[in-house]
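In my numbering, the protein residues as written are 161 to 1107. C-beta: ideal position from N, C-alpha, C; glycine also. This report concerns only the one structure given below.
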Amino acid sequence: MERSTPGTMAARSWLLLLCFVAVATAGVLQARAQPDSNGFISVDCGLPGKTGFVDDKTKISYAADDGFTDGGACHNISAEYITPGLAKRYHTLRSFPDGKRNCYTLRSLVAGLKYLFRATFFYGNYDSLNKLPVFDLYVGVNYWTMVNITGPGDAVIVEAIVVVPDDFVQVCLVNTGAGTPFISGLDLRPLKNTLYPQSNATQGLVLLGRLNFGPTDYTDVIRYPDDPHDRIWFPWVDSTKWSQISSTKKVQDLDNDMYETPTAVMQTAITPRNASRNIEFSWDPVPLPNDPTPGYIAIFHFSELQLLPGNAVREFYINLNGKPWSLTAFKPEYLYNDATFNRNPFLRYPQYNISINATANSTLPPLINAVEVFSVIPTATIGTDPEDVAAITAIKEKYQVVKNWMGDPCVPKMLAWDKLTCSYAISNPARIIGLNLSSSSLSGEVSSYFGNLKAIQNLDLSNNKLTGPIPDALSQLPSLTFLDLTGNQLSGSIPSGLLKRIQDGSLNLRYGNNPNLCTNGDSCQPAKKKSKLAIYIVIPIVIVLVVVIISVAVLLCCLLRRKKQAMSNSVKPQNETVSNVSSNGGYGHSSSLRLENRRFTYNELEKITNNFQRVLGRGGFGYVYDGFLEDGTQVAVKLRSESSNQGAKEFLAEAQILTRIHHKNLVSMIGYCKDGEYMALVYEYMSKGTLQEHIAGKNNNRIYLTWRERLRIALESAQGLEYLHKACNPPLIHRDVKATNILLNTRLEAKIADFGLSKTFNHVNDTHVSTNTLVGTPGYVDPEYQATMQPTTKSDVYSFGVVLLELITGKPSILREPGPISIIQWARQRLARGNIEGVVDAHMHGDHDVNGVWKAADIALKCTAQTSTQRPTMTDVVAQLQECLELEDRRCGMEDTYNNFYAGNNNDPNSSYNMYNTDQSTDVSQNNTMEHNFERVPTMATGPVAR
């Protein structure tokens, strides 16, 4: 049995959230750290060792927390607070006296799925200090709340519903200097994405209270298994003001029910004891540090439990602070679960007073079965770049770095890891640009994971005990300008890539005091003198001058030797020179193709893909397989089949393109394989698949994209094409832009893929290339290109216009019924009659700005003009789509509050994507120092007891 704070009736509420990127190399979790058969993760914090237990009432298995966190200390609460009514989970806790931030990592989740999180805290004077702590909670990189323990015998329960962007989530406790953080329990429960539509990828719901009306026993708390989602429904009992009604019959859910309130809750309800009175209750807002009167979302659950005679009517209005909740009366159905709710938070009030009163036509008093009230928090903040996080986490694990390295490395800034320097952009993830691990007792070889910190500029590994060779991966870091390896025990030769960077002045390499390190790749003699060598010895100035002269001579000698080696192709560390790609293929002035990314062997690909076990897709080149690198990074492996209609030239051309283009909206290549007859590309994994799958509703949950999501995907895709046309040198024409070549990651961010048909064009003379073969996909191919066989940048614009029409209409590029017709022709016919609603995808349920849709449709029609000169450039398209997105954002921010109220029979499974205005939500957070703030809650000496 669980125990709550004296004087409260229900859970105090608060959130556990999200996200961020996580432990790539921490090893395989033990089975106890995995979700159970229901998808539940239930952690008893502080439980010693690897023990666990099954709760007598719920039959839920609870695991010890040693598989979820690597910090803190286990404690038992004081014996005086262990009572028969106190749940076993509260007997132990884990405290975190060391470090600013300590985190729990919950893994094996489903990215993009909605989860209910619950954390519990019971101080119980475990430290015999009787000092009640105050500390902060963070979910991923987002500030959550201040935890204020008000009494040693008070249990604080915090809960939230959020969408998890990755396959793991971290919950972090942050020491603010007001006592040692601790936690008693942590739960995770999966939800259908159709449930609680107010929670989506950019906002979460923080529970203020969840109350069940009608029980007569204060201890009658409903949770699992009566509620399959293990929500805790606390009873609200007040027989002096309300009459209880109940039924033993099952209460059915409506189709596409958005809350699935359990029958055990809906089988009881209350009505006013005086039939002429109203049902009234209220709650006070919980002040936040930056928002003293936060807005709330309320969900009222109703079901008629009495079979009414033909002349009886139960009908009522709901009022908030004297104003109508809805302009229509609510009439509950007999033994059917129904609800009314608001989509966005109320206007801000100093108090929220709810009154449910009968209509003039009603012959019966109003009733209510249950209520849930939530505040809203933003969850759109993104953490450090995932590749950077995976790399730095692997480095942490390899060298067992003992610092404040918990949680996200860079975000928030005030909690960034020691020894790191990060760069912060407004719309892009933070990047690690500096790492100083000098004198950090590092031992062993220099990890190749340093080579995965692609944005790093300064790397200091001096004065450690590092051994072995310098990995060539360091020479692949495009932004690296300073590398200090002095004072280690390194051996072998300095990679040629680093030597080249030294020679062209782009890298300052320090490697003195490594006696076994060779500076000459041929003779491998120990380093003696070298330019940019940081040997700090106080010597006479004459000797210094001599050393400088000798160093210059050595450098000139090395340059001559390297030039000779380059001419004979004798030095090619991890690079492939392919001589059969001619210069008129457009890949630079040289006839050779040089791949600078990691080179894999075929055997390595077999290991990465578990023997090519899981197929992600198939194209003209062959199959794409799911794989995992050594550090746990998920990748896609594109393996060219022998029967592929895409030749070696096209396949290697795609590899060459991917090595030299870097943009957030273009898929990134991690490496390649050319091992005998085998050719493969290894590129970043895009977990949400193709855009075409989402347009057609073929994604896992059959949830369709909202209009705002479609606009953002269109804008990001356009930005990727603009980069190819304007920023690449030489510029590129993709030639196969289509919905299946636009991939989406966990955040539904769009990236253009499949560059096998791409060609460069002469940016000086014209914007086209001459070819002898028509390539592309029917329905997307520019008719002017078909006629002239000369693709131009405007060919990509045409194809993009088709994709934009698919996003607007939800239809394929070629419609088959009643007969084959292009989407362009189909849309033009309807738009010419002014019929925008006949064009817009019905799956968006009208949730869009009409002006924005018209503008987007106009852009698509201009892009698909027959003559290329009439089409806009991708730069023009990007600017126009940004304006469309601004129109949609203004609509979301300016909707009248009362237009956001919906009754439960308006079940829209897609409304989970309704946006809460970002400007409003940035200052919305929550505070769990509250008592349960619903008024008229009976006071109990021990509070409700959960079973």
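Please state whether the Cβ-Cβ distance between residue i and residue j is less than 8 Å.
{"i": "V425", "j": "N372", "result": "yes"}
{"i": "Y419", "j": "T218", "result": "no"}
{"i": "L991", "j": "A1017", "result": "yes"}
{"i": "S973", "j": "V957", "result": "no"}
{"i": "H427", "j": "S399", "result": "Checking the sequence shown, residue 427 turns out to be Gln, not His. Cβ distance not < 8 Å, so Q427 and S399 don't count as in contact."}
{"i": "N935", "j": "D896", "result": "In the sequence as presented, Asn is not what sits at residue 935; that position holds Val. Cβ distance < 8 Å, so V935 and D896 count as in contact."}
{"i": "N825", "j": "G777", "result": "no"}
{"i": "C833", "j": "Y762", "result": "yes"}
Of the choices the options, whose alpha-carbon is the least far from that of residue i?
{"i": "D225", "options": "C205, P492 and D1049", "result": "C205"}
{"i": "P350", "options": "V322, D398, A554 and F534", "result": "V322"}
{"i": "K260", "options": "T421, G337 and L903", "result": "G337"}
{"i": "Y456", "options": "G779, N513 and D386", "result": "N513"}
{"i": "V381", "options": "W396, S622, H235 and Y283", "result": "W396"}
{"i": "W986", "options": "H1005, L965, H1003 and M1004", "result": "L965"}
{"i": "G297", "options": "K291, L597, M306 and L289", "result": "Contrary to the premise, residue 297 reads as Leu rather than Gly in this sequence. The residue with the shortest Cα to Cα distance from L297 is M306."}
{"i": "C263", "options": "T229, N236, R278 and T523", "result": "T229"}
{"i": "H235", "options": "D216, L602, L207 and N905", "result": "L207"}
{"i": "A247", "options": "A233, F281, A947 and K274", "result": "F281"}
{"i": "A813", "options": "K858, P357 and L892", "result": "L892"}
{"i": "A878", "options": "R988, T761, E844 and T1033", "result": "T1033"}
{"i": "L495", "options": "P505, T488 and T423", "result": "T423"}
{"i": "N623", "options": "Y671, Q636, I592 and P655", "result": "Y671"}
{"i": "G567", "options": "G300, C582 and I586", "result": "G300"}
Just the Cα atoms here: how many angstroms apart are residue i and residue j?
{"i": "N521", "j": "S436", "result": "13 Å"}
{"i": "D644", "j": "K573", "result": "26 Å"}
{"i": "L1021", "j": "L507", "result": "40 Å"}
{"i": "P452", "j": "F213", "result": "42 Å"}
{"i": "Q794", "j": "H854", "result": "21 Å"}
{"i": "F781", "j": "V775", "result": "14 Å"}
{"i": "L346", "j": "D287", "result": "21 Å"}
{"i": "A271", "j": "A615", "result": "26 Å"}
{"i": "L884", "j": "S918", "result": "10 Å"}
{"i": "L595", "j": "N502", "result": "48 Å"}
{"i": "N612", "j": "D548", "result": "7 Å"}
{"i": "W565", "j": "S639", "result": "24 Å"}
{"i": "K539", "j": "T379", "result": "According to the sequence provided, residue 539 is Thr. The question's Lys does not apply to it. Rounded to whole angstroms, T539 to T379 spans 35 Å at the Cα level."}
{"i": "N517", "j": "S403", "result": "15 Å"}
{"i": "I968", "j": "V1038", "result": "16 Å"}
{"i": "G209", "j": "F476", "result": "56 Å"}
{"i": "E532", "j": "Y275", "result": "17 Å"}
In the DSSP assignment, the alpha helix (DSSP H) including residue i goes from what residue to what residue?
{"i": "F960", "result": "T953 to T969"}
{"i": "W986", "result": "I983 to A992"}
{"i": "K1015", "result": "V1010 to C1023"}
{"i": "K911", "result": "Taken as a continuous stretch (DSSP letters only), K911 belongs to no alpha helix (DSSP H), being part of the beta strand (DSSP E) at A910 to I912."}
{"i": "I662", "result": "S656 to Q663"}
Quick one: residues in its chain with C-beta nearer than 6 Å to the C-beta of residue i, no 5 flanking neighbours on either side, listed in chain order?
{"i": "S955", "result": "D942 and Y945"}
{"i": "F342", "result": "L253 and S255"}
{"i": "N676", "result": "S651"}
{"i": "Q1040", "result": "I1019"}
{"i": "S238", "result": "G284 and N285"}
{"i": "S601", "result": "none"}
{"i": "A913", "result": "V827, N901 and L903"}
{"i": "A361", "result": "V323"}
{"i": "S202", "result": "I220, Y222 and D347"}
Need the endpoints of the beta strand (DSSP E) that residue i sits in, please.
{"i": "R800", "result": "Q794 to R800"}
{"i": "G594", "result": "R591 to N596"}
{"i": "E844", "result": "Y838 to E844"}
{"i": "D230", "result": "D230 -> no beta strand (DSSP E), and no H or E assigned at all."}
{"i": "H854", "result": "Not the beta strand (DSSP E): H854 falls in the alpha helix (DSSP H), residues L851 to I855."}
{"i": "I150", "result": "This structure gives no information on residue 150, because the portion of the chain shown stretches from 161 to 1107."}
Report all residues from its chain with a CB closer than 8 Å to the CB of residue i; omit the five preceding and five following residues, and keep chain order.
{"i": "P492", "result": "F462, S463, E464, R474, D498 and L527"}
{"i": "E1048", "result": "W867, R868, L871, H1008, D1009 and G1012"}
{"i": "N481", "result": "Y509, Q511, Y512 and N513"}
{"i": "T641", "result": "Q617, N618, S666, L667 and N668"}
Below 7 Å CB to CB, which residues in the same chain sit around residue i once its five sequence neighbours on both sides are set aside?
{"i": "F811", "result": "F781, R800, M839 and G916"}
Is residue i near the ligand FMN - that is, is its Cβ less than 7 Å away from at least one heavy atom of it?
{"i": "D230", "result": "Although the ligand FMN was asked about, the structure shown includes no ligands whatsoever."}
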